Structure formats: structure tokens, C-alpha cells
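Residue numbers (this note's numbering): 143 to 592.
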């Protein structure tokens with residue numbers, strides 16, 4: 143089996159550095175004004191983007207720049223001028239979706255590698271062949287494909303690099319094509335301003351259609367949304383109205399078809415169990431979503447998926463524990479999306495989350511180490527104490543321990559806990575004596591929640 147690229151999100155320089163330290167081969171970030179993540183993104187400043195490319199290349203890593211929105215005329219008119227400074231940074235590829243912008247870049251900078259964004263919704267081999275003929279070097283396939291469909295595309299298009307998502311948020315429409323944010327807040331997801339309206343709190347009201355064709359609520363909001371229990375007429379598909387908590391009296395219709403009832407707020411994608419199959423297929427890059435997430439998220443996802451890649455390449459069986467380790471991060475519940483129609487029995491508990499009796503919480507950074515006095519200094523982010531089961535994550539190895547002999551950093555006084563963000567404490571450094579200072583500089587402490 144050939145190796146595969148692990149591609150991580152970079153919403154900041156810090157996130158990028160943690161992703162690289164924990165195993166990512168490449169990162170992607172958005173171009174100011176022309177990508178789909180304009181909020182909470184350090185790379186909105188062009189100077190930070192240039193710095194990110196420079197740091198990545200100094201580490202021998204790849205840096206891709208997303209320029210993948212659906213532009214209206216005003217942005218088309220300024221695009222080439224704004225793109226000049228991006229090309230000058232010498233990123234390893236530009237991620238694009240709009241055919242017009244792709245044409246413009248290909249004409250002016252024919253040697254610049256272009257990757258087709260998931261925003262372009264490539265779902266078949268003919269589409270992949272089309273973009274190959276336009277000179278693109280990679281296609282990021284739509285999230286809506288099954289494993290078998292991906293395999294057929296690779297077989298029919300063996301020369302084209304393929305990239306797929308393996309982890310992160312899912313859209314409630316074809317990837318990136320949701321109109322909900324634009325409809326409800328006038329902030330268009332296709333222009334990079336998505337407010338994640340699909341993840342707000344909604345109430346469900348059973349509804350009916352009047353003789354005039356209007357949809358009206360039948361009763362107050364349902365505490366539990368169960369079509370089988372609430373439909374008055376079982377012979378007809380039920381109709382529901384959704385009411386967002388901040389917009390009382392405004393109703394959105396939701397229908398059920400033969401495939402089920404689709405509301406919003408999708409579970410997050412987790413496909414670590416499919417890494418080996420994807421490598422066998424010949425996929426070139428495995429992509430993690432989450433440019434607005436934390437550096438802990440960047441590090442932890444990179445570490446877990448890199449381990450899955452290394453196991454697959456070494457011929458080792460999939461380690462189910464890797465699925466559990468991803469539970470330690472904030473998520474909306476996990477799904478493997480469209481990769482398989484039916485999940486085998488051995489995975490079902492993991493898909494529902496019922497198998498988890500404990501979880502993990504990120505509690506501290508490694509601030510420094512004093513090897514002479516054998517102390518490891520920690521900067522707390524959440525509460526932890528001497529009775530907690532802790533795990534130190536580092537790029538070299540993970541170590542489980544208990545924080546005995548905890549001291550306050552400011553005066554060396556003994557203490558039982560770090561009560562939360564802002565607390566600085568130290569613990570004996572025996573557990574890290576075989577870990578390098580460079581690895582400890584990117585160390586992260588998590589505690590097991592029972």
C-alpha cells in the first residue's frame with residue numbers, strides 16, 4: 143500500500159503547529175474574502191497566511207489555501223488582483239470550486255496546482271475526468287459518496303489525486319450548499335459567512351396542511367420528536383414545523399419522505415474505522431474538518447488519524463480504541479456519514495455512543511519543564527486534581543499518571559487541585575524523563591471523566 147497524506151485544518155498558526163507536531167502532513171487555511179470560513183480565523187489577515195506558508199515549508203510540510211467561495215460579480219472583479227499576493231507566497235495548491243475563477247487562475251498562473259473543493263460537489267468519475275482535463279491536480283470528493291463509489295472513481299481515474307473527508311462537521315445539504323444561514327440571518331454560507339443555523343436550538347411542532355395549501359401547527363412543541371408517535375394519520379407522510387428558540391412564531395416546514403425525516407444539526411463525521419479501506423482504494427489524502435476548532439482538536443485528531451494510517455500501512459488490524467479516543471473532544475454524536483448504508487454489529491455501539499462509560503476533558507498545557515529540580519509546570523484550562531486519572535499527550539508518546547505532589551507554581555505550596563483556567567501548578571517530572579523538550583512544548587493534559 144502507498145502512503146497517504148493526512149490533511150488537517152488550520153484556523154491559526156498555533157493550530158497549524160500542533161497539527162504538524164502530532165502527525166499532519168499538510169494543512170489548509172482560507173484566503174481572506176474568498177473562502178468559506180471568514181469567522182474566528184486568524185488567517186483572515188494576509189500576513190498571517192504568508193507566515194503560515196513559510197513555517198509549513200520550513201518543516202517540510204504542505205500548505206494549501208482555500209479560495210473556494212461562490213463569488214458574485216463584485217468579488218470576481220477584484221479576484222486576480224487579490225490573488226497575486228497569494229500566489230507570491232508559493233502555497234502548495236489552491237483549493238477552488240468556481241469554474242470561472244479556476245479558468246482565470248489557470249490562464250494567468252498555469253503552473254499553480256489547483257485542487258477542486260468539496261464545494262464543487264464532485265460525485266462521479268465523469269466529473270473527475272472533466273476536471274482532470276482542465277488541468278487540476280486533485281479532486282476533493284463530495285461527502286455524500288459511499289466507499290464503493292469512491293473506489294470506482296479511483297479505478298476509472300487512476301491518475302487523478304483524490305481527497306476525502308474523514309472527520310468533522312457535516313452539512314445538511316450537499317457539502318457547503320446550505321441556504322439556511324442566508325435565509326435566516328442574511329449571512330450566506332456560500333460567501334463564507336455561515337452562522338451554523340442548522341445547529342441552533344429548535345422545537346418541533348406537528349403540523350397539517352389546510353385546504354388552502356397552508357401549513358399550520360396542530361399543537362404545542364413536542365418534547366420528543368418521534369414521527370411514529372406523533373403522526374395522526376399513519377397513512378400519509380407527516381409534516382412538521384420547526385421553531386428556532388430565538389425566533390418565536392417563525393415556522394420552517396420539515397417533511398418526511400420514504401427515506402426518513404430530516405431535520406438539522408447533523409452528527410459529526412468520524413471515519414477512522416475506514417482509514418485502511420481508503421488507503422487500499424488508493425485515496426491520496428485524508429482530510430479533517432474544523433478550521434474554527436481549538437489547537438487541542440487539531441492535535442488530537444491528527445494524532446489519532448496518524449496512528450490509524452500507520453497501523454494500516456504496517457498491516458495491523460484496526461484498533462477500536464481509536465474510536466473511543468475521539469470521544470474526548472466536543473462533538474454532536476458521531477456518524478460515518480454516507481460511507482456505508484448498513485453498519486456491522488461490532489461498530490453499532492460506537493455509532494450510538496452507548497458503549498462509553500467515561501470521557502476525556504482537555505485540562506492543561508505544558509508550560510515548561512525544570513529537569514534539574516524534576517518538576518513539570520502546567521497551565522490549567524479546566525479543573526483537575528491529585529485524585530484524577532490523567533493522560534499526558536505528546537507527539538512522541540502518551541503517558542497515563544496521577545498528579546501526586548502537586549504544587550502551586552508561584553510559591554511551591556502544596557495543593558490538591560488546579561481549580562480552572564489561570565491556575566499554574568507543577569507535578570513531578572519522572573513520567574516525562576524519556577520525552578524530549580521539543581515534544582513537551584506541544585504537550586497536552588487530559589483527564590478521564592467517569
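Virtual Cβ for every residue (Gly too), placed ideally from N, Cα, C.
The model shown is predicted, which means the values in this text are computed figures rather than measured ones.
Item: What does a CB cutoff of less than 7 Å around residue 446 pick up in its chain, not counting 5 residues either side in sequence?; Value: 414, 464, 467, 468
Item: May I have the straight-line CA-CA distance separating residue 175 from residue 186, to the nearest angstrom?; Value: 8 Å
Item: Return yes when the Cβ of residue 429 is within less than 7 Å of the Cβ of residue 620, no when it is not.; Value: This structure cannot speak to residue 620, because the chain is shown only from 143 to 592.
Item: Got a sec? Which residues, its chain only, sit under 7 Å from residue 540 by beta carbon, not counting five neighbours each side?; Value: 533, 534
Item: Whole angstroms are fine: how far does the CA of residue 433 sit from the CA of residue 556?; Value: 39 Å
Item: Alpha helix (DSSP H) containing residue 442: first to last residue?; Value: 437–455
Item: Given a threshold of 16 other Cβ atoms within 10 Å of its Cβ, counted over all protein chains shown, does residue 298 qualify as buried or as exposed?; Value: exposed
Item: Where does the unbroken beta strand (DSSP E) through residue 290 begin, and where does it stop?; Value: That residue, residue 290, is in no beta strand (DSSP E); its alpha helix (DSSP H) goes 289–298.
Item: Between which two residues does the alpha helix (DSSP H) harbouring residue 245 extend?; Value: 241–250
Item: To the nearest angstrom, how far is it from the Cα of residue 502 to the Cα of residue 524?; Value: 12 Å
Item: My output table needs one value for residue 601: the three-state DSSP class, helix, strand or coil.; Value: Nothing in the structure corresponds to residue 601, since the chain is present only between 143 and 592.
Item: Determine the contact status of residue 167 and residue 148, defining contact as a CB-CB distance below 7 Å.; Value: yes
Item: Using 8 Å for Cβ pairs, my map puts residue 312 next to residue 410. What's the rounded Cβ distance?; Value: 7 Å
Item: Using only alpha-carbon positions, find the residue among 509, 281, 431 that is nearest to residue 257.; Value: 281
Item: Is the segment 191–207 touching the segment 558–578, taking contact as three or more C-beta pairs under 8 Å?; Value: no
Item: Taking the alpha-carbon of residue 273 as reference, which of 293, 238, 222 has the nearest alpha-carbon?; Value: 238
Item: Could you tell me how far apart the beta carbons of residue 431 and residue 307 are, in whole angstroms, since I believe they sit closer than 8 Å?; Value: 6 Å
Item: Leaving aside the five residues before and after residue 353 along the sequence, list all residues of the same chain whose C-beta is less than 6 Å from its C-beta, in chain order.; Value: Residue placement at residue 353 is flagged as unreliable, the pLDDT there being 47, under the threshold of 50; a coordinate-derived value is accordingly withheld.
Item: Pull the bridge partners of residue 507 from the DSSP assignment, please.; Value: 521, 586
Item: Quick one: grab the DSSP three-state call for residue 419.; Value: helix
Item: Taking only the alpha-carbon atoms, compute the straight-line gap between residue 205 and residue 440 and give it to the nearest angstrom.; Value: 15 Å
Item: Pull up the CB-CB distance for residue 412 and residue 309, whole angstroms please, since I reckon it's below 8 Å.; Value: 6 Å
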